[in-house]
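Student: Quick one: structure below, then a few questions.
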Amino acid sequence: MSMLASYLTLAAVLFCIGLYGVLTKRNAVVVLLCIELMLGAVNLNLIAFAKYGVVPSLAGQIFSLFAITVAAAEAAVGIAVLIVLYRSRATVNVDEYDRLGR
Amino acid sequence: MRTVFSQYAWLAPLFPLAAFVVLTELNRSLKRTGAFIAIVASLASLALSLLIAFERIGTGAEDYSGGFAWLTIGSVTLSAGFEVTNLTALMLVIVSLVAFLVNLYSLGYMRDDERKSVFYAYLSLFACSMLGLVLADNLLLLYIGWELVGVCSFLLIGFWFHKPEARAAAKKAFIVTRVGDLGLLIAILLLFRYMPGHALDFVSLHNVFDSQAGVISTSITTAIALLLFLGAVGKSGQFPLHVWLPDAMEGPTPVSALIHAATMVAAGVFLVARTYDIFEASAVALDTVAYIGAFTALLAATAALKQNDIKRVLAYSTVSQLGYMMLALGSGSWTAAVFHLFTHAFFKALLFLGAGNVIHALHTQDLRQMGGLGRRMKTTAWTFGAGVLALSGVPPLAGFWSKDAVLAAAFERHPLLFAAGIVTACFTALYMARLFILAFWGRPRGDAALAARAKEAPAVMTAPLLVLAALSVAAGFVQTPFGSWLGAWLSGEAIPEQAESVPVMAASAAAGLLGLYLGWLLYGKGAPKGGGAGQTRPWPWLVRLIEREYYLNEAYGYLFVKPLQGLGRALRLFDGAVVGGAGRLAAGAVQALGRLNSRLLSGQLQTYGLAAVIAAVVLMLAIAGRRF
Amino acid sequence: MFPFNLNPTGEFFAFFALAVCAITGAVMALSLAKVVHTALSLAFTFVSLAGLFILLGAEFVAFVQVLIYVGAVTILMIFGIMMTKHRDEERERGRPLLETLAAVFCLCLFGILFFAIRSAGFPVPETALPADNTTEIGTLLFTKYAVPFELVSVLLTAAFIGAVALAKREEEPA
Chain F
-19 MSMLASYLTL
-9 AAVLFCIGLY
1 GVLTKRNAVV
11 VLLCIELMLG
21 AVNLNLIAFA
31 KYGVVPSLAG
41 QIFSLFAITV
51 AAAEAAVGIA
61 VLIVLYRSRA
71 TVNVDEYDRL
81 GR
Chain Y
596 MRTVFSQYAW
606 LAPLFPLAAF
616 VVLTELNRSL
626 KRTGAFIAIV
636 ASLASLALSL
646 LIAFERIGTG
656 AEDYSGGFAW
666 LTIGSVTLSA
676 GFEVTNLTAL
686 MLVIVSLVAF
696 LVNLYSLGYM
706 RDDERKSVFY
716 AYLSLFACSM
726 LGLVLADNLL
736 LLYIGWELVG
746 VCSFLLIGFW
756 FHKPEARAAA
766 KKAFIVTRVG
776 DLGLLIAILL
786 LFRYMPGHAL
796 DFVSLHNVFD
806 SQAGVISTSI
816 TTAIALLLFL
826 GAVGKSGQFP
836 LHVWLPDAME
846 GPTPVSALIH
856 AATMVAAGVF
866 LVARTYDIFE
876 ASAVALDTVA
886 YIGAFTALLA
896 ATAALKQNDI
906 KRVLAYSTVS
916 QLGYMMLALG
926 SGSWTAAVFH
936 LFTHAFFKAL
946 LFLGAGNVIH
956 ALHTQDLRQM
966 GGLGRRMKTT
976 AWTFGAGVLA
986 LSGVPPLAGF
996 WSKDAVLAAA
1006 FERHPLLFAA
1016 GIVTACFTAL
1026 YMARLFILAF
1036 WGRPRGDAAL
1046 AARAKEAPAV
1056 MTAPLLVLAA
1066 LSVAAGFVQT
1076 PFGSWLGAWL
1086 SGEAIPEQAE
1096 SVPVMAASAA
1106 AGLLGLYLGW
1116 LLYGKGAPKG
1126 GGAGQTRPWP
1136 WLVRLIEREY
1146 YLNEAYGYLF
1156 VKPLQGLGRA
1166 LRLFDGAVVG
1176 GAGRLAAGAV
1186 QALGRLNSRL
1196 LSGQLQTYGL
1206 AAVIAAVVLM
1216 LAIAGRRF
Chain R
394 MFPFNLNPTG
404 EFFAFFALAV
414 CAITGAVMAL
424 SLAKVVHTAL
434 SLAFTFVSLA
444 GLFILLGAEF
454 VAFVQVLIYV
464 GAVTILMIFG
474 IMMTKHRDEE
484 RERGRPLLET
494 LAAVFCLCLF
504 GILFFAIRSA
514 GFPVPETALP
524 ADNTTEIGTL
534 LFTKYAVPFE
544 LVSVLLTAAF
554 IGAVALAKRE
564 EEPA
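Protein chains in written order, with our numbering: chain F, -19 to 82; chain Y, 596 to 1223; chain R, 394 to 567.
In structure tokens:
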């Protein structure tokens, strides 16, 4: 029991650090990286539950595999979008991407 | 006998309507010819009216009506149509004749006016509305015409809208008559509610109230009759709603002649005559009509004594004569009322047009500035004199016969009504004598140079006077106590010779002559050399009371206008503070919210993200927190 | 209130060390000024996470984690960093309100999560994972999870084609 709680707590810590990074960092690359960190924290949860959950099962690991796959796809598309944005706006600062508000 | 022209009676209002449309559309390009279009249209109406009338005279023609279903609402069908009876045929002739003459007259009177074609457009619209009102076969159509003539009256009183008095008078006329119109509307609605089959046409009204007594209870009948009469009071300038009519003289004089003397103001009398079956079914209503009429006649006749504006004298005279008509209606003789309407239309239009000539020559309406015009304006003076005699009831002019018919009816009804009528007749002759003497006799009292240059009006302005003067002299013979042809024709019943009314006749003639003599004594012979003004008189308070028209305007000012203005001010404060405040508050709140939102929605994704996180945390606390 | 029943086993020490590494990497990533340093620091965290996965008996996932996160995503990010210009020298303008609020609410969120974790009673599992779970995963992916697996592969293909198509626009005349 205690191990599961420790893993979950660690995942929560990492998740919150990632969230803080997403919310405060200006650099879009760092924001993307922080999102990856949050996804990693979630994966940690999944795998911890796969071992220490009520019914240990490989489903958790397979889910985390899918999550990693999707995260990779997201990172690829994110970087592509970032490069296109950089070309048009000549900046990677998220706070200058404020077209949405105009 | 089959009627030919009556079938086409609906064309009569359409000629002026066409003229109105053409004049309104081609206002700019028709500076010169516009007037002729209106005159031709009114001539066409006159010709048709005369054909209809002559066709009906002596043939005992059936009433002709035609129309179509206008609106079908559920099981109720409102029809629109026209009906030609002897009464409407007579009214058609009166309206179209006076309208034609006034159109002709205006050619001279309004010659130099900038907006002449607009004036003719309004006149045509008025003729159309009035003829429509007369021809309407049901109350709803009549009401439409009724309101339309009200609008035309408003437009024409305020025709010279650069004068503040004209604007005020137009507003006053519109608002005061509105009180009466509301009564008429309520009466129509009541009839719609209580009439079997919701019928509003005059034939059904006649059937229900004349032969099927008891279908509608007496109290409802009285209410309907009184409300109808309220409409007539507003339109025909009866006490207490007469105050608009003297002010309406701010309009051009031909308008005063047509609308505020001969036709529109007679619409109230026409309405009562048209719905006379309802009034006959209620004794209370008839009494009200009679006493209001008598009181108005007396009140207005005395008020006319001390007016210094030539048109105001005539206006009060109109009010007084309309009171006569109401008196006749209330006394049970609607034929006498219509007869008086018929003769009055001619001599009052004549008097107004004559006054118009005087005003045209002197550019003033103040009697104290006039005098001595008789030598310079012979035609006007002679025709005006004929009008004065006719109005004063000097035998054998038209006014004598019709006034006599009214007085005979009043005599049969109640001695008090008769007495009021006789006194009014005396006062009528008195103020008319004063008017005539001040304007045409003696020496000029005003601007001498202007008076010296005063000359007779052009033929186009005197020709209508001659026609009207001839009618004023001769029109009375259609109904005399010795042969009441008009009454028989109108009512379709033979009226016996009224030999017993000879004393009434004598009294009426005596009253008229006495009034004229008094007038000559006071203003002609006995007047000091300096003119009638400025000398001390007995009972100065009475003179003052009359001069100020019994302070009725002031009384209304304090009774209605001031409280309403106060209410208006209070409501405006309420509107500004509460309604507007609520509006401003709502607007401000939304604006503040919008400003806050636009601050929040800066396009900063991270701000949005933060907001989402905050919301999520708050939600979690709110939902999960409840479990602990 | 929430007693830490620590039994000093080998797994615990390994977990503790790896957790410290992961958190340090994450915190460093946030505090370092240079973007490349941030990326590398996060790579360190990802490696630590892979270690944790091994501790949890998920060797295959740990392998994939290293392969994809450390090998692919981080490298991709570094490519992204290199392809864009960064004004690292320029001191970031502070956004105190945003940062304070973010910090407060992230702490709140952590508090909620921590409270939830601590107050939840996790029953001890009756069974253990199969030791040879890589084989098991392979079997499952091609039997029970075949359809999601194929869907994910389609998604991945679409994402990569999309990424290429997006980034390739440069050649077209503007």
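C-beta atoms are modelled at their ideal positions from N, C-alpha and C, and glycine is treated no differently.
So what does DSSP say about A451 of chain R, is it helix, strand or coil?
Tutor: It is coil, neither helix nor strand.
Student: I need the straight-line Cα distance from G1127 of chain Y to Y1118 of chain Y, nearest angstrom please.
Tutor: The pLDDT assigned to G1127 of chain Y is 44, lower than 50, so where the model puts this residue is not dependable, and the model offers no usable value.
Student: Output needed in chain order: residues of the region 419 to 432 of chain R with a Cβ under 9 angstroms from some Cβ in chain F.
Tutor: Answer set for the region 419 to 432 of chain R: A419, V420, A422, L423, V428, T431, A432.
Student: Excluding sequence positions up to five away, which residues of its chain have a Cβ less than 7 angstroms from the Cβ of A496 of chain R?
Tutor: If we look at A496 of chain R and ignore the five residues flanking it on each side, it has no Cβ neighbours.
Student: So is R599 of chain Y buried or exposed if we call it buried at 16+ other beta carbons inside 10 Å?
Tutor: The sequence shown places Val at residue 599 of chain Y, rather than the Arg named in the question. Exposed, since its Cβ has fewer than 16 Cβ neighbours within 10 Å.
Student: For W1115 of chain Y, which residues of its own chain have a beta-carbon under 8 angstroms away from its beta-carbon, when the five flanking residues on both sides are left out?
Tutor: Counting only Cβ-Cβ distances below 8 angstroms, and skipping sequence neighbours, we find A1028, I1032.
Student: Is the distance from the Cβ of A1000 of chain Y to the Cβ of S1067 of chain Y below 8 angstroms?
Tutor: Not in contact: A1000 of chain Y and S1067 of chain Y (Cβ atoms no closer than 8 angstroms).
Student: Between which two residues does the beta strand (DSSP E) harbouring V671 of chain Y extend?
Tutor: Unbroken beta strand (DSSP E) run through V671 of chain Y: 671 to 679.
Student: Could you tell me which residues DSSP pairs with T667 of chain Y in its beta bridges?
Tutor: Note: T667 of chain Y sits in a beta bridge opposite Y:T672.
Student: Closest by CA to F1035 of chain Y, which one among Y:L734, Y:G967, Y:S1197?
Tutor: Of the candidates Y:L734, Y:G967, Y:S1197, the one whose C-alpha sits nearest the C-alpha of F1035 of chain Y is Y:G967.
Student: Measuring alpha carbon to alpha carbon, tell me which residue in Y:E709, Y:S926, Y:F1072, Y:Y1026 is nearest S912 of chain Y.
Tutor: Checked all of Y:E709, Y:S926, Y:F1072, Y:Y1026; the closest Cα to S912 of chain Y is Y:Y1026.
Student: If T680 of chain Y sits next to D658 of chain Y, beta carbons under 8 angstroms apart, how far is it from one beta carbon to the other, in whole angstroms?
Tutor: At roughly 5 angstroms, the Cβ-Cβ gap stays under 8 angstroms, so T680 of chain Y and D658 of chain Y are in contact.
Student: Which same chain residues, not among the five before or five after L638 of chain Y, have their C-beta less than 7 angstroms away from its C-beta?
Tutor: Here the set comprises F695.
Student: Could you tell me whether the Cβ atoms of V697 of chain Y and L853 of chain Y are closer together than 8 angstroms?
Tutor: It is a contact, given that the beta carbons lie within the stated cut-off.
Student: State the Cα-Cα distance for the pair Y871 of chain Y and K973 of chain Y, rounded to the nearest angstrom.
Tutor: Answer to the nearest angstrom: the Cα atoms are 43 angstroms apart.
Student: So with Cβ pairs under 8 angstroms, would you call L1195 of chain Y a contact of chain R?
Tutor: Not an interface residue.
Student: For the alpha helix (DSSP H) holding K906 of chain Y, just list the boundary residues, first then last.
Tutor: Taken as a continuous stretch (DSSP letters only), the alpha helix (DSSP H) holding K906 of chain Y covers 905 to 925.
Student: Cβ of I887 of chain Y within 8 angstroms of Cβ of M859 of chain Y?
Tutor: Result no, Cβ atoms of I887 of chain Y and M859 of chain Y do not sit closer than 8 angstroms.
Student: Got a sec? Which residues, its chain only, sit under 8 angstroms from A605 of chain Y by beta carbon, not counting five neighbours each side?
Tutor: Sequence check: residue 605 of chain Y is Trp here, not Ala. Counting only Cβ-Cβ distances below 8 angstroms, and skipping sequence neighbours, we find G661, F677, L730.
Student: Look up S660 of chain Y in the DSSP assignment and give the residues it is bridged to.
Tutor: Bridge partners of S660 of chain Y: Y:E678.
Student: Would V1208 of chain Y count as contacting chain F if we go by Cβ distances under 8 angstroms?
Tutor: Interface residue, yes.
Student: Name the chain R residues that come within less than 7 angstroms of L1191 of chain Y, Cβ to Cβ?
Tutor: Within 7 angstroms Cβ-Cβ: nothing; L1191 of chain Y doesn't reach chain R, min ~15 angstroms.
Student: Scan the region 485 to 509 of chain R for residues whose Cβ lies nearer than 7 angstroms to a Cβ of chain A and list them as they occur along the chain.
Tutor: Protein chains F, Y and R are contained in the structure displayed, whereas chain A is not.
Student: Relative to the C-alpha of V34 of chain F, which candidate in R:T550, R:I416, R:A521, R:E492 has its C-alpha closest?
Tutor: The option with the nearest alpha carbon to V34 of chain F is R:A521.
Student: Could you give the distance in angstroms between the alpha-carbon of F467 of chain R and the alpha-carbon of A1182 of chain Y?
Tutor: First, the amino acid is wrong: residue 467 of chain R is Thr here, not Phe. Distance between the alpha carbons of T467 of chain R and A1182 of chain Y is about 52 angstroms.
Student: Given a cut-off of 8 angstroms on the beta-carbon distance, is the pair F804 of chain Y and A885 of chain Y in contact?
Tutor: No, Cβ-Cβ distance for F804 of chain Y and A885 of chain Y is not below 8 angstroms.
Student: Please classify N1192 of chain Y as buried or exposed, where buried requires at least 16 neighbouring CB atoms within 10 angstroms.
Tutor: Burial call: exposed.
Student: Which term fits D842 of chain Y, buried or exposed, when burial requires 16 or more other beta carbons within 10 angstroms of its beta carbon?
Tutor: So D842 of chain Y counts as buried.
Student: Taking 7 angstroms as the cut-off, is the C-beta of K766 of chain Y nearer than that to any heavy atom in the ligand COA?
Tutor: Looking for the ligand COA in the displayed structure turns up nothing, as the structure carries no ligands at all.
Student: What separation, rounded to the nearest whole angstrom, lies between the Cα atoms of E874 of chain Y and A820 of chain Y?
Tutor: Sequence check: residue 874 of chain Y is Phe here, not Glu. Going from the Cα of F874 of chain Y to the Cα of A820 of chain Y covers about 6 angstroms.
Student: According to DSSP, is A794 of chain Y part of a helix, a strand, or is it coil?
Tutor: Three-state result, A794 of chain Y: coil.
Student: Could you give the distance in angstroms between the alpha-carbon of V989 of chain Y and the alpha-carbon of F1022 of chain Y?
Tutor: One C-alpha to the other measures close to 13 angstroms.
Student: Roughly how many angstroms separate the alpha carbons of S831 of chain Y and R1048 of chain Y, rounded to a whole number?
Tutor: Using only the alpha carbons, I get a separation of about 38 angstroms.
Student: In angstroms with no decimal places, state the Cα-to-Cα distance between V454 of chain R and P36 of chain F.
Tutor: Using only the alpha carbons, I get a separation of about 16 angstroms.
Student: Cα separation between W755 of chain Y and V1062 of chain Y?
Tutor: Going from the Cα of W755 of chain Y to the Cα of V1062 of chain Y covers about 28 angstroms.
Student: When we look at the beta-carbon of T667 of chain Y and count the other beta-carbons within 10 Å, is it buried (16 or more) or exposed?
Tutor: That one is exposed.
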